[in-house]
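A quick write-up on the structure given underneath.
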Amino acid sequence: MLSDTGNRLSRLMPPVLLTTLLCFVLGVLLPRLLPVAPSAPLHLILALGIMPLIFAAMIYFVPVLTRSGAPESRVLLNIFGGLLAGVILAIGLFMIFHLYLLAAAVALVTVIGLSHWMRQRAKQTFGSPHPGLLWYRLALLMLGLALAAIILGFIWPQQWLELRRLHLHLNILGFVGLTTLGTLRVLLPTVGGFQDQQAGPWLMREWRLLVAGTILIAAGAAWLPSMSLAGLILWLAPLTKLIHDTLWQQRNTLWLVNGAAPSLAIAITGLIISLLIGTAHGMGRFTTTHMSELFILMFLMPLVTGAATHLLPLWLWPGAQAEQQTECRQILGRFALIRSLLFLLSGVLLVLDLTWAWIPALLAMVQFISLVIWQTIHSRSTQSI
Ligand code: HEM
Ligand code: HEM
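Mapping to the numbering used here: the sequence shown position 156 is 966, numbers consecutive.
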């Protein structure tokens, strides 16, 4: 039986997910329809869309990682803190630029609140917490540093461009990278139905290289490009192990046409491609003004749709409604490989600088959103009978 807060969290997750998915569509469409600075639609996706979803996912998974009870209801307020910061930032970047300071302050308060809660949960754990908890805490630390960097840019305008680069790499690789890789390593075996003996040791060891690598890439991108190459080398070792243990060794269980697994496998592939293109871009070997969009298309879109294919059924049909969960998962995951390849294709077309590059991804995303809305309505109407 789920507790009241557990139930409330399960009911909150589908609308938060839907907000993220709609932000993907708006963030892709708006710059094509209106003359806006690129950072506005980008933050619609990354700050209003992804940041609260990550907070919500952390709140959902931390009790599992610490083998403790459902989150206290006040902790759910952090999801609204993330949404509020995202809304203020979206308004700010579209209309009143300096509102970003208020957004950063709200996000910082939320980050501190969440980190404090995670520390308490770590202390309450019987035995030691799952190493995934440390990844979440480090990811929040990276977001906190990224926010501090962009606030510092206001106080120290001479360093604005450098601090902006620091902010974006800490966020993309540190906050998003650590959260998603830490979660993926736990989620992949569940989704693919295989045993991953290496997951525990990998989570226990590899965060050091990823954190050090992220700091070198971010500081290097800001002040000393050659230093960021050293950071990339640190990133490559854990990633190679991850690819070997999952994408290669479990190729028969992950590379399927249907289900959550192919989307997650494509997401990891997209991350590698983005990192390589990011490196070429950083070294001046390759020019694109679309680096962040590329990361969204090739990594975040397959990742979010893949994770949602597995998790949304659990939120829509909480408790032991296994039959309905399986049916919902099959519907969401139908032809997921093709959907995720469309995201990847848009990324490739973007690299080729084609103006219509975003169309395949948009079609794939609209198809997934229709399924999510349909499934949500179906579960609500069935359960209220
Ligand atoms: C409330 C939280 C956030 C605030 C207040 C904030 C603020 C800012 C500001 C003021 C800029 C400079 C914009 C410009 O020069 O036009 C910026 C750039 C950027 N930020 Fe954030 N940000 C936040 C969250 C995030 C998150 C969560 C991510 C990624 C996951 C992110 C990624 C980026 C990127 C990629 C850029 C560069 C945009 C471009 O190339 O135009 N930000 N941010
Ligand atoms: C995959 C995620 C990545 C994204 C989304 C990304 C995004 C960006 C963006 C938007 C800029 C331009 C910032 C500006 O307008 O000033 C930039 C600059 C830079 N990036 Fe990245 N990047 C990524 C990965 C990397 C990696 C892996 C490296 C290093 C190995 C790197 C090194 C650099 C460097 C050195 C610069 C500064 C280039 C210059 O001085 O013009 N980036 N990145």
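Glycine included, every Cβ here is placed at the ideal spot set by N, Cα and C.
Cβ contact annotation for residue 888 (same chain, cutoff 8 Å, sequence separation greater than five): 865, 869, 920, 923, 924, 927, in chain order.
Measuring C-alpha to C-alpha distances from residue 882 to each of 897, 903, 896, 931 identifies 931 as the nearest. Here DSSP, grouped into helix, strand and coil, assigns residue 1170 to helix. Relative to the Cα of residue 1043, the nearest Cα in the group 1068, 1062, 1082, 1055 belongs to 1082. In this structure, ligand 2 has no non-hydrogen atom nearer than 7 Å to the beta-carbon of residue 1144. Linking residue 1031 to residue 829 through their CA atoms gives a straight-line distance of about 31 Å.
For residue 874, the enclosing alpha helix (DSSP H) starts and ends at 861-875.
With three or more CB-CB distances shorter than 8 Å, the stretch 946-962 counts as touching the stretch 973-988.
Just so you know, the alpha carbons of residue 933 and residue 878 end up roughly 10 Å apart. Unbroken alpha helix (DSSP H) runs of no fewer than 4 residues, entirely contained in the stretch 995-1049, are found at 1009-1015, 1017-1033, following chain order.
Check the Cα spacing between residue 997 and each of 1121, 1128, 1136: the tightest is with 1121. Residue 848: not part of any alpha helix (DSSP H); DSSP gives it neither H nor E. For residue 958, the secondary structure class from DSSP, reduced to helix, strand or coil, is helix. The alpha carbon of residue 938 has as its nearest neighbour, out of 874, 958, 960, the alpha carbon of 874.
Contact annotation, residue 1051 with residue 1017: C-beta distance approximately 13 Å; criterion of less than 8 Å not satisfied.
In terms of Cβ geometry, residue 959 and residue 973 form a close pair [threshold 8 Å].
Cβ neighbours of residue 1107 within its own chain (closer than 7 Å, five residues either side excluded): 1153, 1156, 1157, 1160, 1171. Taking a cut-off of 8 Å on C-beta distances, the stretch 836-855 touches the stretch 896-907, as three or more cross pairs fall below it.
In the structure shown, the three-state DSSP call for residue 1131 is coil. For residue 848, the shortest separation between its Cβ and any heavy atom of ligand 1 lies below 7 Å. Between the alpha carbons of residue 1048 and residue 1148 lies a distance of about 28 Å.
Contact between residue 943 and residue 886 does not hold, since their C-beta atoms are separated by about 19 Å, which reaches or exceeds 8 Å. At a Cβ-Cβ threshold of 8 Å, residue 1150 and residue 1072 count as neighbours. Residue 815 counts as buried, since at least 16 other C-beta atoms from the protein chains shown sit within 10 angstroms of its C-beta.
Contact between residue 1002 and residue 1060 holds: their C-beta atoms lie close to 6 Å from each other, under 8 Å. No heavy atom of ligand 2 is found nearer than 7 Å to the CB of residue 1190. Residue side-chain check: residue 985 places its Cβ nearer than 7 Å to a non-hydrogen atom of ligand 1.
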